[in-house]
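Numbering (the numbering used here), first residue to last: 1115 to 1337.
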Amino acid sequence: MTKHLQRDMESLEREIITQSSLVEEMISKASRALYEVQVDLANEVIEKERAINESEVKIEEDCLKILALHQPVAVDLRETATVLKINNDLERIADLAVNIAERTIGLSHYPNFRIPSSLEPMTKVTVSMLRDAIDAFVDFDTDKARDVCKRDDIVDGYNREIINEIYLLMQTDAELIKPALHFFSSARHIERIADHTTNIAEDVIYLTEGEIVRHRHKETFST
């Protein structure tokens, strides 16, 4: 690796770490806004969307510059491709955090709606997955990446609990159908965040081992 390529790769890594920290903060705030129904906090999340989008574009441009100027090979090429993919997943996660914030604002009009208890542990697992997925990327740690993939099933389990609780609630009280649907969408967004985080972990495995494991993590990591 040339000095110029090394410098640009290190800069790219710093950019994606900074982006992931901002996105993690958005998820945490959006989730807290949801289970505390804090409109001000939800608006904070929404206001961060533009900065995330601008950063996403810059990271993509920097990846393309590296590919064009340095023509990296082997692990450097895989790392650049991995950053491109992670960057896209982080932008999608940020979009989902904004969606959760918007649903929270809708929920704020229904003070009698009780937030299902499974939400908080579901979001904690999801946030920890993202943090560990980025740590795995920085450390080239496939064991940590595989552990992130396994935890996706935990989030799915919490989501099923929430769906069942919301379904029963809508059956017993028709007046709560609208807020229940707002919450159902929010829980689905959190579940999708975990899916995108799993994509990131799978990309780390590709980076480190050269093995593409997307779309088959259920079989690969269940044992």
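Glycine included, every Cβ here is placed at the ideal spot set by N, Cα and C.
Residues near residue 1222 in its chain [Cβ-Cβ closer than 7 Å; skip 5 each side]
The residue given as residue 1222 occupies position 108 in the sequence shown. In its chain, beyond the 5 residues on either side, 1151 and 1153 have a beta carbon closer than 7 Å to the beta carbon of residue 1222.
Suppose contacts are defined by Cβ-Cβ distances below 7 Å. Is residue 1267 in contact with residue 1258 by that definition?
Against the sequence shown, residue 1267 aligns to sequence position 153. Against the sequence shown, residue 1258 aligns to sequence position 144. For the 7 Å CB-CB criterion, residue 1267 and residue 1258 do not form a contact.
To the nearest angstrom, how far is the alpha carbon of residue 1172 from that of residue 1226?
Locating residue 1172 in the sequence shown gives position 58, counting from the first residue. Locating residue 1226 in the sequence shown gives position 112, counting from the first residue. Rounded to the nearest angstrom, the gap between the Cα atoms of residue 1172 and residue 1226 is 44 Å.
On the three-state DSSP scale, how would you describe residue 1310?
By 1-based counting over the sequence shown, the position of residue 1310 is 196. Helix at residue 1310.
Less than 8 Å between the CB atoms is what I'm expecting for residue 1233 and residue 1276, so what's the real figure, rounded?
Sequence index remark: in the sequence shown, residue 1233 carries index 119 (1-based). Sequence index remark: in the sequence shown, residue 1276 carries index 162 (1-based). 7 Å between Cβ atoms; contact.
CB residue 1294 to CB residue 1214, shorter than 7 Å?
Residue mapping note: residue 1294 aligns to position 180 of the sequence shown, counting from 1. Residue mapping note: residue 1214 aligns to position 100 of the sequence shown, counting from 1. Contact: no.
Residue 1207 beta carbon less than 7 Å from that of residue 1307
Locating residue 1307 in the sequence shown gives position 193, where the first residue counts as 1. Locating residue 1207 in the sequence shown gives position 93, where the first residue counts as 1. Yes, they are a contact pair.
Below 8 Å on the Cβ atoms is my guess for residue 1203 versus residue 1310; work out the distance and round it to an integer in Å.
For the purposes of this step, residue 1203 is taken as residue 89 along the sequence shown, with counting starting at 1. For the purposes of this step, residue 1310 is taken as residue 196 along the sequence shown, with counting starting at 1. So it is a contact: roughly 4 Å between Cβ atoms.
Does the beta carbon of residue 1272 fall short of 6 Å from some heavy atom of the ligand FAD?
With respect to small molecules bound, the structure shown includes none, and the ligand FAD cannot be examined in it.
Please work out which residues of its chain come closer than 7 Å, Cβ to Cβ, to residue 1155, disregarding the five sequence neighbours upstream and downstream, and give them in chain order.
On the sequence shown, residue 1155 is found 41 positions in, with the first residue counted as 1. For residue 1155, same chain residues with a beta-carbon under 7 Å away, outside a window of 5 residues either side, are 1143, 1146 and 1147 in chain order.
Please list the segments of the alpha helix (DSSP H) lying wholly inside the region 1131–1209, counting only runs of 4 or more residues, in order along the chain.
You should have 1153–1161 and 1163–1184.
From residue 1187 to residue 1137, what does the alpha carbon distance come to, in whole angstroms?
Locating residue 1187 in the sequence shown gives position 73, counting from the first residue. Locating residue 1137 in the sequence shown gives position 23, counting from the first residue. Each residue's CA atom was taken as its position, placing residue 1187 and residue 1137 some 30 Å apart.
Restricting to Cα atoms, I'd like to know which of 1159, 1264, 1243 and 1298 is closest to residue 1140.
Reading the sequence shown from its first residue, position 26 is the one you call residue 1140. Nearest to residue 1140 by C-alpha distance, out of 1159, 1264, 1243 and 1298, is 1159.
Count the other CB atoms, across all protein chains shown, that sit within 10 Å of the CB of residue 1250; report buried if there are 16 or more and exposed otherwise.
Position 136 of the sequence shown holds residue 1250. The residue is buried, with at least 16 neighbouring Cβ atoms inside 10 Å.
Is it the case that the Cβ atoms of residue 1112 and residue 1305 are separated by a distance below 7 Å?
There is no way to answer for residue 1112, as the model of the chain reaches only from 1115 to 1337.
Ordered along the chain, which non-local residues of its own chain (more than five positions away) have a Cβ less than 6 Å from that of residue 1133?
On the sequence shown, position 19 is the one that residue 1133 refers to. Counting only Cβ-Cβ distances below 6 Å, and skipping sequence neighbours, we find 1169 and 1204.
What three-state label does DSSP hand residue 1275 in the structure shown?
Position 161 of the sequence shown, counted from the first residue, corresponds to residue 1275. Helix, per DSSP.
Which residues in the same chain as residue 1241 place their Cβ atom closer than 8 Å to its Cβ, once the five residues preceding and following it in sequence are excluded?
Start at 1 with the first residue of the sequence shown, and residue 1241 comes out as number 127. So the qualifying residues of the chain are 1138, 1141, 1142 and 1145.
Please state if the CB of residue 1195 and the CB of residue 1263 are separated by a distance shorter than 7 Å.
If you number the sequence shown from 1, residue 1263 lands on position 149. If you number the sequence shown from 1, residue 1195 lands on position 81. It is not a contact, given that the beta carbons lie outside the stated cut-off.
Check each candidate in 1200, 1285, 1124 and 1185 and name the one with the smallest Cα separation from residue 1312.
Position 198 of the sequence shown, counted from the start, is the residue given in the question as residue 1312. Check the Cα spacing between residue 1312 and each of 1200, 1285, 1124 and 1185: the tightest is with 1200.
For residue 1262, three-class secondary structure by DSSP:
Taking the sequence shown and counting its residues from 1, the one referred to as residue 1262 is at position 148. Helix, per DSSP.
Grouping DSSP H, G and I as helix and E and B as strand, with all else coil, what is residue 1325?
Stepping through the sequence shown from its first residue, residue 1325 is reached at position 211. Of the three classes helix, strand and coil, the one that applies to residue 1325 here is coil, per DSSP.
As assigned by DSSP and simplified to three states, the class of residue 1270:
Within the sequence shown, the letter at position 156 stands for residue 1270. Three-state result, residue 1270: helix.
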